[in-house]
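Quick note: the sequence shown, position 62, residue 102 per this note's numbering, numbers continuous.
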Amino acid sequence: NLEKAIFFMNKSLEISAGYAPALVELSSIMVKRQNYDKAEKLIERFNKISQPTALSLYTEYLISDKKGYLNKTKRLKILLKNLFPFSEENKRISNSF
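1) Alpha carbon to alpha carbon, how far is Ile83 from Arg73?
2) Is Ala94 closer than 8 Å to Leu120 when the C-beta atoms are compared?
3) I need the straight-line Cα distance from Met49 to Val71, nearest angstrom please.
4) Can you tell me which of the three DSSP states Arg73 falls into?
5) Can you tell me whether Ser67 is buried or exposed? The criterion is at least 16 other CB atoms within 10 Å of its CB, across all chains shown.
Now the structure itself:
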């Protein structure tokens with residue numbers, strides 16, 4: 041249930057604004073809801089406080105792709121492939137082309 045997930049992620053961020061797992065998960069949910077502006081702001085906050093994860097790179101890739109940031113999209117695809125070659129997120133990108 042996306043609504044419950046959003047509620048609990050927001051509650052987590054109220055308690056700890058810099059809780060990286062909640063930032064990346066909420067950003068991913070915002071992508072699913074096609075709220076790319078909010079997703080982008082959340083992933084930017086995540087990037088300031090945490091190292092990239094397969095989910096964060098994939099989420100940022102989806103945002104960049106939808107917003108038409110071609111160079112950034114290509115860079116993120118390469119980063120995901122190089123840093124997390126066996127991840128589900130990399131497989132999704134590789135299989136989409």
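Virtual Cβ for every residue (Gly too), placed ideally from N, Cα, C.
Reading it off the structure:
1) Put simply, the backbone Cα of Ile83 is about 15 Å away from that of Arg73.
2) yes
3) Just so you know, the alpha carbons of Met49 and Val71 end up roughly 14 Å apart.
4) coil
5) buried
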